[in-house]
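Participant: Quick one: this structure, given as structure tokens, is what I'll be asking you about.
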Amino acid sequence: MSFDTIITGGTVVNADKSEKADVAISGEKIVKVGRNIAKTNGDAARVIDAKGCYVIPGAIDVHVHLALPFCGTTSSDDYNSGTKAAARGGVTTVIDFAIPYGEESLHDAVENWMRKADGIACVDYAFHVAVTKWDRHKDEMADMVKKGLPTFKQFMIYEREGWQSDDRAMFGCLEKCKELDGMLLVHAESPRVLDELIARRHNDADMKKYGAQLHGFTRPNFIEAEAIQRAVKWAEVTGGKLYIVHMSTADGTDIIQDAHKRGLSNVFAETCVQYLVLDDRKFAEPDGHLYACCPQIKKKPDQERIWKGIKKDTVCVVSTDTCSFTREQKAMWEGDFTKIPMGLPGLETLVPLVYTHGVLKERFNMRTLVEKCCAAPARIMGFGERKGAIKKGYDADIAIIHPKKKIKVDHATMETNTDWSPYQGWNLAGFSRTTLSRGKVIVDDYKFCGENGWGKFQPRKSPGKR
Ligand code: URP
Ligand code: ZN
Ligand code: ZN
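Per this note's numbering: the sequence shown = residues 1 to 466.
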């Protein structure tokens, strides 16, 4: 038998098992995983030597914003640069958020986002659909699910952007998700108290004295905790599946753990890698405003609590919330912390950061990395038995990672479209030496070599599987 590609001699890591094995690929699919395939099963057009390396499923970043109009500008990574960055980082699928603007319908929003990606994306993509106007959008949800878009998003904040949902909307949306076999993703921050705390510090004297630190001062942990607590209560009483995005606090992690202890298997929580490796002392630095994202990076004890939550499965997914802005865009703040375009680049460094700070620091093993960045994202977001594992029949989405080779992060040499990096100068292992997307090599020797438009929309169903 001949294959298109055989990856030989590596350690294949799935969430449930790690083994020395070869991987045979025909067309876009993995057709065989086992020992000595190359020797006993004939030839292949291409043999990729993975000796001494990990061979992992392509990561799935379930939380990205590419070319997002936000905070008076548009995030600087679009489907071209963003998905090239993804490929270099070993990420082979991204899920963005299709957000309706003004009076747009959910269908309009999805069409807009399809247009941003189609013919441009270099890795596969899918969308969560933001329900920003409950009464207007609720009757479209069934159609979204039918089209392979079963995950919805509501924001408890962002009134200024026209995205905010209240409790009535969240309650209704969770009920609807239960009815439709969908799942609701929630940005949980308590809006009215947050508004009040911002108003108290939004004055010239404070802004002159504290600058970007006010972004952190005005969002104490209880802002996230109260909101998560409330969302969990609505999930408990409706039975709807709830997924808390970008959880950033120890307090939030405790609440989710408590929910699980009470048997609420319909509640999920994700964190983003910046909450694991950056802390709010950054805001006091001269370029502190660059680090503003929402929710903001928190404190060391929060980091440690979330790392533990990952290990114990309180936190089921690590994503990035990629929402890049250049220095020029960030400069729009002009000293006013309420005007900083909020968000950080992330796709290119997700796996390297989790590998370097999670696996190499022995916080958990390689299988846990695969669970949090590949398998759980696939299972929870409804990709079915297609992505997130290196098994027969799955898409040949693969990243080959050298266990020791470190690369110094330098924005100037990265695919990410920013002129700065939160991780500039950090030495990280875990970049993808070779990335395959549905059988096609898109990164070779750490360099992008894929094709614009190779990435395809991936329909999903039945999210929220444990
Ligand atoms: O700072 C962030 N996270 N920007 C994107 C919007 C969001 O809340 O995810
Ligand atoms: Zn958010
Ligand atoms: Zn986001």
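Backbone N, C-alpha and C fix where the C-beta goes; we use that ideal spot for every residue, glycine too.
1. Can you tell me the Cβ-Cβ gap for A396 and R438, rounded? I've got them flagged as a contact below 8 Å.
2. Measuring only the C-alpha atoms, how far is D135 from S105?
3. How is H215 classed by DSSP in three states: helix, strand or coil?
4. Do the segment 68-84 and the segment 338-346 meet, that is, are 3 or more Cβ pairs less than 8 Å apart?
5. Can you name, in chain order, every residue of its own chain whose Cβ lies under 6 Å from the Cβ of Q296, other than the five neighbours on each side?
6. Is the distance from the Cβ of F127 to the Cβ of A98 below 8 Å?
7. Does the beta-carbon of K316, which I'm using as the reference point, lie nearer than 7 Å to any heavy atom of ligand 3?
8. Look up R46 in the DSSP assignment and give the residues it is bridged to.
9. Going by beta carbon distance, what residues of the same chain come within less than 6 Å of V64, once the five residues before and after it are set aside?
10. According to DSSP, simplified to helix, strand and coil, what is Q458?
11. Please return the same chain residues whose Cβ sits closer than 6 Å to the Cβ of A50, not counting the five positions on each side in sequence.
12. Roughly how many whole angstroms lie between the Cα atoms of N14 and M366?
13. If the criterion is Cβ atoms closer than 8 Å, does the pair V267 and A225 meet it?
14. For the beta strand (DSSP E) that S432 lies in, which residues bound it at each end?
15. On the criterion of 16 or more Cβ atoms from any shown chain inside 10 Å, does F222 qualify as buried, or is it exposed?
16. Can you tell me whether D287 is buried or exposed? The criterion is at least 16 other CB atoms within 10 Å of its CB, across all chains shown.
17. Any heavy atom of ligand 3 closer than 7 Å to the beta-carbon of C323?
18. Pick helix, strand or coil for A142, following the three-state DSSP scheme.
19. Helix, strand or coil, according to DSSP, for L68 in the structure here?
20. Between which two residues does the beta strand (DSSP E) holding N221 run?
21. Evaluate Q424 with the Cβ neighbour count: other Cβ atoms within 10 Å of its Cβ, from every protein chain shown; 16 or more gives buried, anything less gives exposed.
22. Expressed to the nearest angstrom, what Euclidean distance is found between the alpha-carbon atoms of C449 and V441?
23. Straight-line CA distance for V129 to K406?
24. Quick check on G172: buried or exposed, where buried means 16 or more other Cβ atoms within 10 Å of its Cβ?
Facilitator: A quick look at the data gives this:
1. That pair is a contact at about 6 Å.
2. Roughly 11 Å separates the two Cα atoms.
3. DSSP places H215 in the helix class (H, G or I) of the three-state scheme.
4. Verdict: yes, contact present.
5. Excluding residues within five positions, the ones whose Cβ falls inside 6 Å are H215, G216, R219.
6. Against a cut-off of 8 Å, the Cβ pair of A98 and F127 comes out as a contact.
7. Before going further, note that residue 316 is Cys rather than Lys in the sequence given. The beta carbon of C316 sits no closer than 7 Å to any heavy atom of ligand 3.
8. T5.
9. Closer than 6 Å at the Cβ level, and outside the excluded window around V64, lie V94, D96, T322.
10. Coil, per DSSP.
11. Excluding positions up to five away in sequence, the list reads I7, G9, G10, I400.
12. Each residue's alpha carbon lies about 9 Å from the other.
13. Taking C-beta atoms as the reference points, V267 and A225 fail to come closer than 8 Å.
14. Per DSSP, S432 belongs to the beta strand (DSSP E) from 432-437.
15. Label assigned to F222: exposed.
16. D287 is exposed by the Cβ-count criterion.
17. C323 Cβ: within cutoff of ligand 3.
18. Here A142 sits in helix by DSSP.
19. Here L68 sits in coil by DSSP.
20. Counting along the chain, no beta strand (DSSP E) covers N221; the unbroken alpha helix (DSSP H) around it starts and ends at 221-238.
21. Exposed.
22. Our two residues, C449 and V441, have alpha carbons roughly 7 Å apart in a direct line.
23. One C-alpha to the other measures close to 37 Å.
24. By the 10 Å Cβ count, G172 comes out buried.
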